[in-house]
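Enquirer: In this note's numbering, the protein residues as written are 6 to 399.
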Amino acid sequence: MSLQALCPSLSLSLLVCRDLRREIRMWTAMADLLTAFPIRTFPPPRHRRRVSPLLRRSHGRSVGALEENVRELRLAYKLKPGQSRLFHRLPSGASMEVIYQKSTGVVDGPERTADSSSSRPPLVFVHGSFHAAWCWAEHWLPFFSGAGFDCYAVSLIGQGESDLPKGNATCTLQTHTRDIADFIQKEVKLPPVLVGHSFGGLIVQSYISHLRADCSTNHATSLVTSGSEQMLAGAVLVCSVPPSGNSGLVWRYLLTKPVAAIKVTLSLAAKAFANSLPLCKETFFSLTMEDQVVQRYQELMKQSSRVPIFDLRKLNSSLPVPSVPHDFTKVLVLGAGSDFIVDGEGLRETARFYGVEPVCLERVAHDVMLDCSWEKGAEVILSWLKDMNRQRTS
């Protein structure tokens, strides 16, 4: 009897190793092709809604770059009570969607003086691929506004209700970073805490690095122009793509979980999640989540992304993001134990980069802010914010 017959698993392992490079090239080419030519879906019925002037009134000042006009909305997403949809006009001329919810919480007990809502940093939320501002508006904006924080959730250019890039330009890590910086500098009164999810976390990391470059080089090479004060109170990275990008994630999946690697490629690169409810649930949510809830989010994700969030070929050339001193700003690195996209090593890589210990939420999936246990992540972040404020005011 041959060795191959005696050891079929060994034979299979040798075959996988021999063909691994060819398979990687094939899947990479497929991902590049499908990213370059996004699959479009039929738009939902158009709705006409008037943009609320709440933000202008609540700030008590002129918000010159924010539009207050009638727009035809593409997504069938109804805002929660107390939320307003506004549009920030970028230097490019494109309009960026912002969902705003003003602080409504009252601080009680010994924290009342030192941690009043007027001194709390505003929160600016940045989504990842196939999402938009609505993913934060569903649960976390009401939660954090109720805890005393002004909240802004943006839709990156080409996503949600935001405009497409001008002249069919492709979006890059640099252009998204510049757009977030422009919004913060013109519309946010106090240095905010940036909260980024998945690829949105990579944009937050880029913002931190360029803010550091701004402080070090006197604006010579930075995309972020902060002026005389640091325009960042802290950052929260939620299931974030690591600072080196997602190539390490892809390699680890191919070597250790080839079936999962195929599923992730089909779900994200080929957008198969849009037509398969089980695959959508496995990719983004806990398996215990109700199907009708997953289906609602699946429809919103299909509608949210009209162009790829990044040109992935250009993205790799801009990584890793430049490192910063560990004491440059406060950073919370938050992961999920049931994350199908970012593995444990990816979480630890991000934490090492900022010199912090990661926090991993057990039995929570990749979409921490939408999952059936969304309160777990929100409570961890709120506790971290309160600790940061106490340290700042002590």
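Don't be surprised by glycine CBs; every beta carbon is placed ideally from N, CA and C.
Counting pairs of Cβ atoms below 8 Å between the region 260-276 and the region 92-105, do you hit three or more?
Expert: Contact between the region 260-276 and the region 92-105 is absent, because fewer than three Cβ pairs lie under 8 Å.
Enquirer: Can you list, in chain order, the residues of its chain whose CB lies under 8 Å from that of T177, leaving out five sequence neighbours each side?
Expert: Once the five neighbours on either side are set aside, the close Cβ partners of T177 are F315, D316, K319, L320, S323.
Enquirer: Just to confirm my understanding: we take I189, look at its own chain, exclude 5 residues before and 5 after, and list those with CB closer than 7 Å. What are they?
Expert: So the qualifying residues of the chain are V129, P197, M236.
Enquirer: What span of residues does the beta strand (DSSP E) with H202 cover, start to end?
Expert: Looking at the DSSP string, the run of the beta strand (DSSP E) that includes H202 is 198-202.
Enquirer: Less than 9 Å separating the beta-carbons of G340 and L254?
Expert: Not in contact: G340 and L254 (Cβ atoms no closer than 9 Å).
Enquirer: Could you give the distance in angstroms between the alpha-carbon of Q303 and the alpha-carbon of R125?
Expert: Between Q303 and R125, the C-alpha separation is close to 34 Å.
Enquirer: Any contact of the region 195-211 with the region 236-250, i.e. 3+ C-beta pairs under 8 Å?
Expert: Yes, they touch.
Enquirer: Can you look up C140 in the DSSP assignment and give me helix, strand or coil?
Expert: Helix at C140.
Enquirer: Do you know offhand how far E295's Cα is from E287's?
Expert: Straight-line Cα distance between these residues: approximately 12 Å.
Enquirer: With DSSP collapsed to three states, give me the class of A341.
Expert: A341 falls in the strand class under three-state DSSP.
Enquirer: With which residues is L91 paired in a DSSP beta bridge?
Expert: The partner list for L91 (beta bridge, DSSP) reads V103.
Enquirer: Using beta-carbon positions only, say whether L195 and A137 come within less than 9 Å of one another.
Expert: Taking 9 Å as the Cβ cut-off, L195 and A137 do not qualify as a contacting pair.
Enquirer: Out of curiosity, what's the CA-to-CA distance linking V103 and K171?
Expert: So the two alpha carbons sit approximately 19 Å from each other.
Enquirer: So G201 and S150 are supposed to be a Cβ contact under 8 Å. How far apart are they, rounded?
Expert: The pair is not a contact, with the Cβ atoms about 19 Å apart (cut-off 8 Å).
Enquirer: Would you call D392 buried or exposed, if buried means 16 or more other Cβ atoms sit within 10 Å of its Cβ?
Expert: Exposed.
Enquirer: By DSSP, does S310 sit in helix, in strand, or in coil?
Expert: In this structure, S310 counts as strand in the three-state DSSP scheme.
Enquirer: Classify K83 as buried or exposed, calling it buried when 16 or more other Cβ atoms lie within 10 Å of its own Cβ.
Expert: Under this definition K83 is an exposed residue.
Enquirer: Helix, strand or coil for A277 per DSSP?
Expert: It is helical.
Enquirer: Using 10 angstroms around the beta-carbon of Q407, count the other beta-carbons present and answer buried if the total reaches 16, otherwise exposed.
Expert: The structure shown does not extend to residue 407, since the chain is modelled only from 6 to 399, so the question has no answer here.
Enquirer: By the 10 Å Cβ neighbour count, where 16 or more other Cβ atoms means buried, how is S252 classified, buried or exposed?
Expert: S252 comes out exposed.
Enquirer: Determine the DSSP secondary structure at G239, reduced to helix, strand or coil.
Expert: The answer is strand: DSSP assigns G239 an E or B state.
Enquirer: Can you tell which of P283, I213, R311 has its C-alpha closest to the C-alpha of V298?
Expert: Out of P283, I213, R311, P283 has the C-alpha closest to the C-alpha of V298.
Enquirer: Sorted by chain position, which residues of the same chain lie with C-beta nearer than 7 Å to F148's C-beta, five sequence neighbours on each side aside?
Expert: For F148, where only same-chain residues beyond five positions count, the Cβ hits under 7 Å are A383.
Enquirer: Based on the DSSP output, what are the partners of F130 in its beta bridges?
Expert: F130 is bridged to A158, V200.
Enquirer: Of the residues Y359, L260, L273, Q396, which one's Cα is nearest the Cα of V338?
Expert: Nearest of Y359, L260, L273, Q396 to V338, Cα basis: Y359.
Enquirer: Leaving out five residues on either side along the sequence, give the residues of the same chain with a beta carbon under 6 Å from the beta carbon of Q210.
Expert: Here the set comprises P248, V326.
Enquirer: Measuring CB to CB, does L161 end up less than 9 Å from D184?
Expert: Cβ atoms of L161 and D184: closer than 9 Å.
Enquirer: Around the C-beta of S108, are 16 or more other C-beta atoms found within 10 angstroms, so that it is buried, or is it exposed?
Expert: Buried, since its Cβ has 16 or more Cβ neighbours within 10 Å.
Enquirer: With DSSP as the reference, label E192 as helix, strand or coil.
Expert: Three-state result, E192: helix.
Enquirer: Which word fits L260, buried or exposed, when buried means at least 16 other C-beta atoms lie within 10 angstroms of its C-beta?
Expert: Exposed.
Enquirer: Going by Cα to Cα distance, which pick from F290, T398, C365, F92 is closest to I386?
Expert: When each option's Cα is compared against that of I386, the closest is C365.
Enquirer: Buried or exposed for W139, please, with buried defined as at least 16 other CB atoms from any protein chain shown within 10 angstroms of its CB.
Expert: So W139 ends up on the buried side.
Enquirer: From the DSSP output, which residues share a beta bridge with C365?
Expert: Paired residue(s): G340.
Enquirer: Could you have a look at L387 and say whether DSSP puts it in helix, strand or coil?
Expert: Correct three-state label for L387: helix.
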